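First residue of the sequence shown? That's 1384 in this note's numbering, and the numbers climb one at a time after it.
Beta carbons: idealized from backbone N, C-alpha and C, even for Gly.
Here the structure is a predicted model, which means the values were calculated and not measured.
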Amino acid sequence: MNFQELFRELSAPPMAFRPGDVLMYPDSAEFSILLLESGTVEVSRYAQEGERILQSFMTAPQCLGLIESLTESPVLSGVKAVTAGRYYNLRLKDPLFQTPEVLMLLLRYLAGLSEETMRQNAEEKHLSKKDRLAYAIYKNTKAPFPATLPLKREDLADLLAIPKRSLYRYLNELEEEGCIFREKGKILVSEEGHEMLGSKMQ
């Protein structure tokens, strides 16, 4: 079973969201499981001083709030929509989560997420800031091409802890190399450019 097959088995219709909508609040104890069918969201938390710390961007399909539901612990991070999309809001007691196929899907999802996090942390230790930017663009763009990066330049600067002036310089260099192109303030990636971005990680 994969997420697309899981979505087809859900009886309730998905809920739509728009850019800027908050789908999950930090410190919430609702124990909801959010299945992201389409769209991109940002995951962030807040320091004790109230400072927002951007952790990651996630593009569908994704499963959010699963660990908190399993451990019955408050949600650690908030989830806000970056693009329009659709999601399902479920509870762990839903009969769907009692089936072996769904449990195996969620186990594979958590294992893949953990592996990806460890691999990314290991790789980023050896990457320059420019290559970290290239990796973020590569990871957040998918077919069909040309694909529009759903993140703003300010988002990239916050996520990668790169000064905006340096970020603009790296974007100019990546555009000169043919990895990206820009239109009306948006960052776009062709299929060839996506392959070039991926080759930088090898």
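- Nearest to F1440 by C-alpha distance, out of K1567, E1451, T1466, is T1466.
- Between L1419 and the set Y1518, Y1553, L1542, F1390, the nearest pair of CA atoms involves F1390.
- Between L1516 and the set K1547, R1491, A1526, L1493, the nearest pair of CA atoms involves K1547.
- Between K1567 and I1520, the alpha-carbon positions lie close to 17 Å from each other.
- Every alpha helix (DSSP H) of 4 residues or more that sits fully in the stretch 1464-1516 is shown, in chain order, as 1483-1507.
- Each residue's CA atom was taken as its position, placing E1558 and S1582 some 15 Å apart.
- The alpha-carbon of R1474 is positioned some 41 Å away from that of K1513.
- The Cβ-Cβ distance between G1422 and A1443 falls below 8 Å.
- As computed with DSSP, F1386 is found in no beta bridge at all.
- Judged by beta-carbon spacing, G1448 lies beyond the 8 Å limit of S1427, meaning their Cβ atoms are not closer than that value.
- For M1398, DSSP records a beta bridge to Y1470.
- Taking the Cα of R1536 as reference, the smallest distance to any Cα among R1565, M1487, A1526, L1510 is reached at R1565.
- Taking a 10 Å sphere around the C-beta of I1436, we find fewer than 16 other C-beta atoms and assign the residue as exposed.
- With contact defined as three or more Cβ pairs closer than 8 Å, the stretch 1400-1418 and the stretch 1473-1492 are in contact.
- The secondary-structure analysis by DSSP pairs A1519 with nothing; it has no beta-bridge partner.
- Leaving aside the five residues that flank E1560 on each side, the residues in its chain whose CB is nearer than 8 Å to its CB run, in chain order, M1579.
- Boundaries of the alpha helix (DSSP H) around T1454: 1449-1454.
- Judged by beta-carbon spacing, P1529 lies within the 8 Å limit of L1571, meaning their Cβ atoms are closer than that value.
- If you draw a straight line from the Cα of F1386 to the Cα of G1403, it is about 25 Å long.
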